[in-house]
C-alpha cells in the first residue's frame, strides 16, 4: 500500500495552534504521523498535531461529502491518501488541495515513482 500526504485548502493563518490529520492504519501511517509529530514539536512546540484515526473508506466519503456540500471547514488540515485516489480526487475536486510544487520541498529526495504518482497536471 502506498500513502500520499495531502494538504487541503484553505490553509489556516499563523494563529492556528492545532493541525488535524486524518489517517487510518495504527501500525503504519498513524505510527508514522506520531513520529513526525514528535519531530515537529521540537521545531514548533506551540503547535499540536491532532492525529485522528479515520477508516480509509470514511476518509473518502467525508472528503466527497464536505467538498460537494461546500463544507470544507469539516476537513482536516492534512489527510493521508492512497496513491490511486490522489489524482482522482485532485481532478474531481479542483481547488481543494494545496499545490506543494513551490513549497520548498525537495522532491528529488523522494522515489521517482512516488513523485510521478503525486503529480497532477504538472503540480505536486
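Residue numbers (this note's numbering): 1 to 124.
Idealized CB from N, CA, C, for every residue including glycine.
Pick from the options that is closest to residue i, judged by C-alpha positions
{"i": "residue 23", "options": "55, 41, 68", "result": "55"}
{"i": "residue 20", "options": "26, 47, 67, 68", "result": "47"}
{"i": "residue 31", "options": "49, 45, 17, 18", "result": "49"}
{"i": "residue 123", "options": "109, 111, 97", "result": "97"}
{"i": "residue 78", "options": "52, 112, 39", "result": "52"}
{"i": "residue 60", "options": "40, 107, 37, 93", "result": "93"}
{"i": "residue 121", "options": "104, 89, 108", "result": "89"}
Beta strand (DSSP E) segment containing residue i, residue limits
{"i": "residue 21", "result": "18-23"}
{"i": "residue 82", "result": "78-82"}
{"i": "residue 50", "result": "48-53"}
Residue i (DSSP reduced to helix, strand or coil)
{"i": "residue 109", "result": "helix"}
{"i": "residue 102", "result": "coil"}
Extent of the continuous alpha helix (DSSP H) run through residue i
{"i": "residue 63", "result": "56-69"}
{"i": "residue 29", "result": "29-43"}
The stretch 82-89 contacting the stretch 109-122, beta-carbon criterion three pairs below 8 Å: yes
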